[in-house]
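Undergrad: In order, the protein sequences belong to chains X, U, F and A. My numbering puts the first residue of the first sequence at 1, with every later residue one more than the last. My numbering puts the first residue of the second sequence at 378, with every later residue one more than the last. My numbering puts the first residue of the third sequence at 755, with every later residue one more than the last. My numbering puts the first residue of the fourth sequence at 1132, with every later residue one more than the last. Quick one: the structure is below, questions incoming.
There are 4 protein chains.
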Amino acid sequence: MTKTLRVGMIGYQFMGRAHSNAWRQAPHFFPLKAGVELHTICGRNPANVEAARAQLGWQYAVSDWRQVVDSPEIDIVDINTPNDSHAEIAIAAARAGKHVLCEKPLALSVKQCEAMVAAVKQAKVVNMVCHNYRRIPAIAQAKRMIDDGAIGQIYHYNARYAQDRLVDKNAPIVWRMNKKISGSGALGDIHSHIIDLGRYLVGEFAEVSGLMHTFIKERPISGSSGGKMGRVTVDDTSMFIGRFKNGALANLEATRFALGRKNYIRVEINGSLGSLFFDFEDMNRLKFFDNTNPLDRQGFRDILVTQRGEVHPYVGHWWPPGHIIGYEHTFVHTIVDFVNACVDGKSVQPTFQDGLMNQRVLEAVEKSAGSRAWVKV
Amino acid sequence: MTKTLRVGMIGYQFMGRAHSNAWRQAPHFFPLKAGVELHTICGRNPANVEAARAQLGWQYAVSDWRQVVDSPEIDIVDINTPNDSHAEIAIAAARAGKHVLCEKPLALSVKQCEAMVAAVKQAKVVNMVCHNYRRIPAIAQAKRMIDDGAIGQIYHYNARYAQDRLVDKNAPIVWRMNKKISGSGALGDIHSHIIDLGRYLVGEFAEVSGLMHTFIKERPISGSSGGKMGRVTVDDTSMFIGRFKNGALANLEATRFALGRKNYIRVEINGSLGSLFFDFEDMNRLKFFDNTNPLDRQGFRDILVTQRGEVHPYVGHWWPPGHIIGYEHTFVHTIVDFVNACVDGKSVQPTFQDGLMNQRVLEAVEKSAGSRAWVKV
Amino acid sequence: MTKTLRVGMIGYQFMGRAHSNAWRQAPHFFPLKAGVELHTICGRNPANVEAARAQLGWQYAVSDWRQVVDSPEIDIVDINTPNDSHAEIAIAAARAGKHVLCEKPLALSVKQCEAMVAAVKQAKVVNMVCHNYRRIPAIAQAKRMIDDGAIGQIYHYNARYAQDRLVDKNAPIVWRMNKKISGSGALGDIHSHIIDLGRYLVGEFAEVSGLMHTFIKERPISGSSGGKMGRVTVDDTSMFIGRFKNGALANLEATRFALGRKNYIRVEINGSLGSLFFDFEDMNRLKFFDNTNPLDRQGFRDILVTQRGEVHPYVGHWWPPGHIIGYEHTFVHTIVDFVNACVDGKSVQPTFQDGLMNQRVLEAVEKSAGSRAWVKV
Amino acid sequence: MTKTLRVGMIGYQFMGRAHSNAWRQAPHFFPLKAGVELHTICGRNPANVEAARAQLGWQYAVSDWRQVVDSPEIDIVDINTPNDSHAEIAIAAARAGKHVLCEKPLALSVKQCEAMVAAVKQAKVVNMVCHNYRRIPAIAQAKRMIDDGAIGQIYHYNARYAQDRLVDKNAPIVWRMNKKISGSGALGDIHSHIIDLGRYLVGEFAEVSGLMHTFIKERPISGSSGGKMGRVTVDDTSMFIGRFKNGALANLEATRFALGRKNYIRVEINGSLGSLFFDFEDMNRLKFFDNTNPLDRQGFRDILVTQRGEVHPYVGHWWPPGHIIGYEHTFVHTIVDFVNACVDGKSVQPTFQDGLMNQRVLEAVEKSAGSRAWVKV
């Protein structure tokens, strides 16, 4: 008899929609070790959360996250709230014995992250930080290939996460531009993704020299009369050069000021035997240069990562070759592995520990950008 | 109070999976004029259909399609069976007053299609043939732009639908290779898609000169002992040159013998003011050459068709710009429009009439390939 | 002591410029078996030919081609005149014992071509038709790979040569639109190139079903007062489907009505073991799909055909890897091989015989387009 | 009567070949204000320089550069020697009243560069540093567009110059790996190019934080017996983040350890109205995102920079649209502008002053990499 895991999800905006979809879809496409029940959705505004409940397919709606954490019926707590509340909720959930899935960045500070890691360790609950891009089939395939030695020793990790959503000077202030709530701007929100991919695919960072910048320092307050302006207290862009512990060199840049780049995550890894290239806007493809091919036939291979069965990670559970998948599927893959981990009672990557390690890099970049000095991670 | 439409779906293989997903997902992402209930799934093998019911999210499973058609509880019949049963089921469903959605090709012959069109007209039911590629956002955007005059008078429609799934000589015989069941091979299965896109984007075909070919004429019978071989009675590839009624020229090719092409649907349209280019394997993109740009700044524009709201068709209901969608979403869009059409009591494109017109082109190509003469559509 | 071959070139327009450049450049980059001397340039207008002489680097200028053919000092006659004079000049040159390089298409008709082939055979002179695209390094590399069996048995040859230079209705009449001088329009001028590549890379054509069309039938006469219009007597576009003698299928299209396509020569070849793809506008690249790669690492390989030495054909004589070459270099490669052939006294491909075979395909397409029937080549 | 300028060229390796070609070709394709004569080629090894003379098309060969500088017959000195001799030769040439074209980097140090600038100023000779990539038509077009305001205020300059020629551990030591002769490795040789493009397209650099690294510190000495190894005293890679004086952010990386990248110069510039993207391996293309296009039709435009006449810079002097040019043509364009500048008696960009400014950035990067601190340029 298959067990059923009941989920309580806190936060119902963008990430709440993506996670709800994943909870709904996972059982229809993947063999799960347990059933999942979309039990309770939680948000602060009762009317909005009820609307979200109906739209997103949950059974119950509540407006106090403690109701979720305290509910004896709930097995899993899925945290999609703004960054400043991650730590408190996650620690409470762990203490209540719930398995915890938490959106990235894990929290506002290394200190918060350390407390969260301590809490899940003590409680022995399964924990995961939702770096969903690890489970893009092309990225998971890249990981497999690197582990197989396909590109040899890594020399370079060069990545850029670029969007253009803040180029418009009239784009209003949102919570993500308030340092108290979000911790940082591009750094925590998007840069953290390519830092995570670096840690996943290359190794641990050793030291960084960073730069952060805010191009537009005041923006209109949404809905305010008379054109009131608010101060942007986070970075529009952050970048750093650095070194990995294994000797590879790093060059990472995240920006919201690159017109034409919508959700462009360009990752290039150069090794002693080959290179890999990925661009999220073509997320079903992985480019692979194999230096062991005959010299006259070498070239970047455009792998359409959509083969059936287990040939390529995850994607074979969806549609036939060449029938591409999208952004939302990365959350489904994350949920699939998380659910199975909950049944097994053993966390799978990326754990809260990964979230902590990521935060250490974020803090190092921020510290370096402030002190204008190299900083060890 | 919103009405709820109850759906009976017949056939649960590849298309059944894709349609089930669409029925489930549509209400979570789009404002529908009615609720939808995944009421009954139907298939000939009771054990398999019960497994599909559980996996795909239906309430009831039956093994005789007449139970679906005759059920007073069901409002919509969704037909995903092999091509030889489309006509009989669709006509029965129409006579029973059900709205009918039918997979393509609409039937085995023009004659069958004519009977189906007559049946839905007489019964005044909403009807649609599932040419889902019309609702790829990039294709719907192309249609908008052509209707707006963005490329002017059309001179060329050059399209190729290429797969590689039959290059392997040991790929076994399946029902799609049996002319009695499928009507044709690449012609009806994939060529019909680019014929439909031609009719949608350019206009009606006037005349064709076609060629059909079977590269591998015998294939192993799956599961048979002693290496028994069966005869392939359909085309591996079909191609034709021709003319549209509006004077545009046509060049279409469909093949299952193009290694490396997984589900490659390359469409190029050249007009007097610009050109459009689409490739399904990059389905979130539409290339547009605008000859009215200054001469030194002209070039194919790579439109990432993922803008919010109603800027681009359909896609704004999913995720933010740059967060791509996949194959399955085209079925959701189809279901959304079909459900709303059912509520409005008025069919939307592509109707059974479109299925019939498509079949006329298929028959013309087949006749031309046989007679080695030009054939009027 | 190295011999020196003296060249007489007839015609100094577009092709004359390209050939002159090749004669000048070849000795600086390639080891030739003989020196070359740009001896005499010939054109009908004495003032213009003198200006061309100075600009293009020739010693003497004459205005009667017979002076070139009859000159005892000249070893090689290079014919770049309009198509209607190729036969007469080439035959006279051969009879005079000159080696002959002739622009494509070889002549206006199969009959003319046959006479030319007879003449060079009888005179035992080295002869070549200038299908320069054979010596694009990427194409020469494709030929090597096909000969090595890299893509196995060929199933499909699908090619399109597209330009946009005649979309403008006000583009004036030129000699290429006069059937008497040019023989045909897109067919002989650009279609002949992809026919030649088909013959080079795949094999001999067996039969065709063709279509030719003129979108704009009247155009202004250049320089005429009062907006006089002239009749276009050649095709703007031609296309055909067909079969090669070895069983491969053919689909070729040539057009001057594809906006945004400047000199777009797209060639795709699908075989039993792999596929090749080429696009002239990215002429330094060859795409190769190798079905023998591990299934999870397959993809079109983007070969940058610029390796040093003899790794890739011809290109290693120019610059280091990644330093691309352009259109004009294909003529240099042609001249290099032609000069060495003259010294060896043995023609190399493509010979006049190739020009004749090409013309047979052109005539078959034209006949088929006229009779609306399949025609054997 | 047109004047003729006589050229003396010192150094005949890679750059000497490229320059010789440019001197030969310029008059055949461009209207020059003076004739040019390939008068004297100079190199230290008499036998080799004589061979180069014959191969590259020069009249005289000498083995002491002072013979060139001192010759009253010579108007222009073109310096292609290793970097350590640039300053001495250039200064002597200027003092002798010659116009001077010098390969990049201009010299080994800021101090040397300053002396060179002083010398050419005092002598009032026309001077140019050969940053040939400025005259890639796509780059020159980018410059025009930026000057026209097509992308507005610039936010980001993100560039990478990647090659793979040193990944092979057995690649032998050459002069470019000896700091005394070359000054630096990737930094001066290739990084200087993207620094120059940054200065040309964006503006002056203000400050940098840099990193330099040598992956392989010992390499075989070419031709030595017994596998003797030599020490690499320059960088394999260098990168920096920084700021331009106008507030734009900079991220530049140069490496010779990126397998599959042959001469990959990727440049992206993001501004307030649009973005530009360039990749040298597709050097005939410029990608342009124009944020003023209608929102549903925005996308990176793929401009094939090959239009006729003066529509696109330089390229219209070569071949028709779509007929691409290559690496060597950038030198021809440089020579054309330099020759005309010599006649006009007025230097054109990039002058020795540009070489000096470039060197200041190089030194700042090197200093920063050494001190691990931010350095003002």
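Yeah, the Cβ is synthetic: ideal placement off N, Cα and C, and Gly gets one too.
Return yes when the Cβ of residue 973 (chain F) is within less than 8 Å of the Cβ of residue 1048 (chain F), no when it is not.
TA: Taking the first residue of the third sequence as 1, we reach residue 1048 (chain F) at position 294. Taking the first residue of the third sequence as 1, we reach residue 973 (chain F) at position 219. Against a cut-off of 8 Å, the Cβ pair of residue 973 (chain F) and residue 1048 (chain F) comes out as no contact.
Undergrad: So residue 1329 (chain A) packs on residue 1370 (chain A), CB below 8 Å; how close in whole Å?
TA: By one-based count along the fourth sequence, residue 1329 (chain A) stands at place 198. By one-based count along the fourth sequence, residue 1370 (chain A) stands at place 239. 13 Å between Cβ atoms; not a contact.
Undergrad: Can you pull the chain U residues whose beta carbon is under 7 Å from the beta carbon of residue 1009 (chain F), in chain order?
TA: As a first step, residue 1009 (chain F) must be located in the third sequence, where it is residue number 255. 533, listed in chain order.
Undergrad: Does residue 643 (chain U) have its Cβ less than 8 Å from a Cβ in chain A?
TA: The residue labelled residue 643 (chain U) in the question sits at position 266 within the second sequence. No, because no Cβ of chain A sits closer than 8 Å to the Cβ of residue 643 (chain U).
Undergrad: Should residue 1391 (chain A) and residue 1079 (chain F) be called a contact, given that it needs their Cβ atoms to be closer than 8 Å?
TA: Reading the fourth sequence from its first residue, position 260 is the one you call residue 1391 (chain A). Reading the third sequence from its first residue, position 325 is the one you call residue 1079 (chain F). No, these two residues do not count as a Cβ contact at 8 Å.
Undergrad: Going along the chain, which residues of its own chain have a beta-carbon closer than 6 Å to the beta-carbon of residue 810 (chain F), five neighbours each way excluded?
TA: The residue labelled residue 810 (chain F) in the question sits at position 56 within the third sequence. Closer than 6 Å at Cβ, skipping near neighbours: 774.
Undergrad: What residues from chain X crowd round residue 1389 (chain A), counting only those whose CB sits closer than 7 Å?
TA: One-based indexing of the fourth sequence puts residue 1389 (chain A) at position 258. The contacting residues are 156, 270 and 275.
Undergrad: Assign residue 589 (chain U) to buried or exposed, taking buried as 16 or more other Cβ atoms, counted over all protein chains shown, within 10 Å of its Cβ.
TA: Position 212 of the second sequence, counted from the start, is the residue given in the question as residue 589 (chain U). Classification for residue 589 (chain U): buried.
Undergrad: Between the stretch 725–739 of chain U and the stretch 533–547 of chain U, can you find at least three pairs of beta-carbon atoms closer than 8 Å?
TA: The answer is no - the stretch 725–739 of chain U does not touch the stretch 533–547 of chain U, with fewer than three Cβ pairs under 8 Å.
Undergrad: Taking just the CA atoms, how far does residue 330 (chain X) sit from residue 145 (chain X)?
TA: Position 145 of the first sequence, counted from the first residue, corresponds to residue 145 (chain X). Position 330 of the first sequence, counted from the first residue, corresponds to residue 330 (chain X). Their Cα atoms are separated by approximately 19 Å.
Undergrad: Which residues in the same chain as residue 1439 (chain A) place their Cβ atom closer than 8 Å to its Cβ, once the five residues preceding and following it in sequence are excluded?
TA: The residue you call residue 1439 (chain A) lines up with position 308 of the fourth sequence. Hits under 8 Å: 1447, 1451 and 1452.
Undergrad: What does the Cβ neighbour count give for residue 381 (chain U), buried or exposed, with the cut at 16 atoms within 10 Å?
TA: Taking the first residue of the second sequence as position 1, residue 381 (chain U) is located at position 4. Exposed, by the Cβ-count rule.
Undergrad: Whole angstroms is fine: what's the gap from residue 10 (chain X)'s alpha carbon to residue 72 (chain X)'s?
TA: Taking the first residue of the first sequence as 1, we reach residue 10 (chain X) at position 10. Taking the first residue of the first sequence as 1, we reach residue 72 (chain X) at position 72. Using only the alpha carbons, I get a separation of about 16 Å.
Undergrad: Tell me, please, whether the CB atom of residue 321 (chain X) is closer than 8 Å to any CB atom in chain U?
TA: In the first sequence, counting from the first residue as 1, residue 321 (chain X) sits at position 321. Closer than 8 Å: yes.
Undergrad: Decide if residue 813 (chain F) is buried, meaning its Cβ has at least 16 other Cβ atoms within 10 Å, or exposed.
TA: What you label residue 813 (chain F) is simply residue 59 of the third sequence in a count that begins at 1. Label assigned to residue 813 (chain F): exposed.
Undergrad: Which class does residue 946 (chain F) belong to by DSSP, given the choice of helix, strand or coil?
TA: As a working note, residue 946 (chain F) is residue 192 in the third sequence. Helix at residue 946 (chain F).
Undergrad: Quick check on the DSSP output: what are the complete beta strand (DSSP E) runs of length 3 or more inside the stretch 953–992 of chain F, in order along the chain?
TA: Runs found: 959–967, 972–974 and 983–985.
Undergrad: Closer than 7 Å, Cβ to Cβ, to anything on chain A: give me those residues from the stretch 657–685 of chain U, in chain order.
TA: Listed by position, the residues of the stretch 657–685 of chain U near chain A (Cβ gap below 7 Å) are 665, 672, 673, 674, 675, 676, 677, 678, 679, 680, 681 and 684.
Undergrad: Run through DSSP, which three-state label would residue 466 (chain U) get?
TA: One-based indexing of the second sequence puts residue 466 (chain U) at position 89. It is helical.
Undergrad: Using the C-alpha atoms, what's the distance from residue 1097 (chain F) back to residue 1107 (chain F)?
TA: Here residue 1107 (chain F) corresponds to residue number 353 of the third sequence, with the count starting at 1. Here residue 1097 (chain F) corresponds to residue number 343 of the third sequence, with the count starting at 1. Each residue's Cα considered, the two are about 20 Å apart.
Undergrad: As an exercise, report each continuous alpha helix (DSSP H) stretch of at least 4 residues that is fully enclosed by the stretch 508–552 of chain U, in chain order.
TA: Listed in chain order, they are 514–524.
Undergrad: Where does the unbroken alpha helix (DSSP H) through residue 782 (chain F) begin, and where does it stop?
TA: Along the third sequence, one-based indexing puts residue 782 (chain F) at 28. Looking at the DSSP string, the run of the alpha helix (DSSP H) that includes residue 782 (chain F) is 768–783.
Undergrad: How big is the Cα-Cα spacing for residue 107 (chain X) and residue 1072 (chain F)?
TA: Here residue 107 (chain X) refers to the residue found at position 107 when the first sequence is read from its first residue. Here residue 1072 (chain F) refers to the residue found at position 318 when the third sequence is read from its first residue. The straight-line gap from Cα to Cα measures roughly 56 Å.
Undergrad: Within 8 Å of any Cβ in chain A, is that where the Cβ of residue 1 (chain X) sits?
TA: On the first sequence, position 1 is the one that residue 1 (chain X) refers to. Residue placement at residue 1 (chain X) is poorly supported in this model, since its pLDDT is 46, which falls under 50; the coordinates still yield a value, given next. Answer no: the Cβ-Cβ gap between residue 1 (chain X) and chain A never drops below 8 Å.
Undergrad: Measuring only the C-alpha atoms, how far is residue 458 (chain U) from residue 286 (chain X)?
TA: By 1-based counting over the second sequence, the position of residue 458 (chain U) is 81. By 1-based counting over the first sequence, the position of residue 286 (chain X) is 286. If you take the alpha carbons of residue 458 (chain U) and residue 286 (chain X), they lie about 35 Å apart.
Undergrad: What three-state label does DSSP hand residue 1464 (chain A) in the structure shown?
TA: Numbered from its first residue, the fourth sequence carries residue 1464 (chain A) at position 333. Helix.
Undergrad: Given the structure, does residue 1360 (chain A) come close to the ligand ZN, in the sense that its CB is under 7 Å from one of the ligand's heavy atoms?
TA: The ligand content of the structure shown is nil, which means the ligand ZN is not present either.
Undergrad: Could one say the Cβ of residue 1443 (chain A) lies closer than 8 Å to chain U's Cβ atoms, at least one of them?
TA: In the fourth sequence, counting from the first residue as 1, residue 1443 (chain A) sits at position 312. Answer yes: the Cβ-Cβ gap between residue 1443 (chain A) and chain U drops below 8 Å somewhere.
Undergrad: Would you please state the rounded distance, in angstroms, between the beta carbons of residue 1193 (chain A) and residue 1200 (chain A)? I believe it to be under 8 Å.
TA: Taking the fourth sequence and counting its residues from 1, the one referred to as residue 1193 (chain A) is at position 62. Taking the fourth sequence and counting its residues from 1, the one referred to as residue 1200 (chain A) is at position 69. At roughly 11 Å, the Cβ-Cβ gap does not stay under 8 Å, so residue 1193 (chain A) and residue 1200 (chain A) are not in contact.
Undergrad: List the residues of chain U whose Cβ lies closer than 7 Å to the Cβ of residue 1253 (chain A), in chain order.
TA: Here residue 1253 (chain A) corresponds to residue number 122 of the fourth sequence, with the count starting at 1. Residues of chain U passing the Cβ test: none, with the nearest at roughly 40 Å.
Undergrad: Use the C-beta contact count for residue 552 (chain U): other C-beta atoms within 10 angstroms, 16 or more gives buried, fewer gives exposed.
TA: Here residue 552 (chain U) is taken as the residue at index 175 of the second sequence, counted from 1. The residue in question, residue 552 (chain U), is exposed, as its Cβ has fewer than 16 Cβ neighbours within 10 Å.
Undergrad: In the DSSP output, which residue or residues are listed as bridge partners for residue 1096 (chain F)?
TA: The sequence position of residue 1096 (chain F) within the third sequence is 342, counting from 1. Answer by DSSP bridge pairing: none, since residue 1096 (chain F) is not bridged.
Undergrad: Just the chain U side, please: which residues come within less than 8 Å of residue 57 (chain X) by C-beta, in chain order?
TA: Within the first sequence, numbered from 1, the residue matching residue 57 (chain X) stands at position 57. Near residue 57 (chain X) (Cβ distances below 8 Å), the residues of chain U are 405.
Undergrad: What's the gap between the Cα of residue 378 (chain U) and the Cα of residue 411 (chain U)?
TA: Mapped onto the second sequence, residue 378 (chain U) falls at position 1. Mapped onto the second sequence, residue 411 (chain U) falls at position 34. With a pLDDT of 46 at residue 378 (chain U), under the threshold of 50, the modelled position of that residue is not reliable, and the figure given next carries that caveat. Each residue's Cα considered, the two are about 9 Å apart.
Undergrad: Using a C-beta cutoff of 8 Å, does residue 518 (chain U) count as contacting chain A?
TA: As a working note, residue 518 (chain U) is residue 141 in the second sequence. Chain A, which has a Cβ nearer than 8 Å to the Cβ of residue 518 (chain U), makes this yes.
Undergrad: Quick one: does residue 21 (chain X) have its CB under 8 Å from some CB of chain U?
TA: Here residue 21 (chain X) refers to the residue found at position 21 of the first sequence. So yes, residue 21 (chain X) belongs to the interface.
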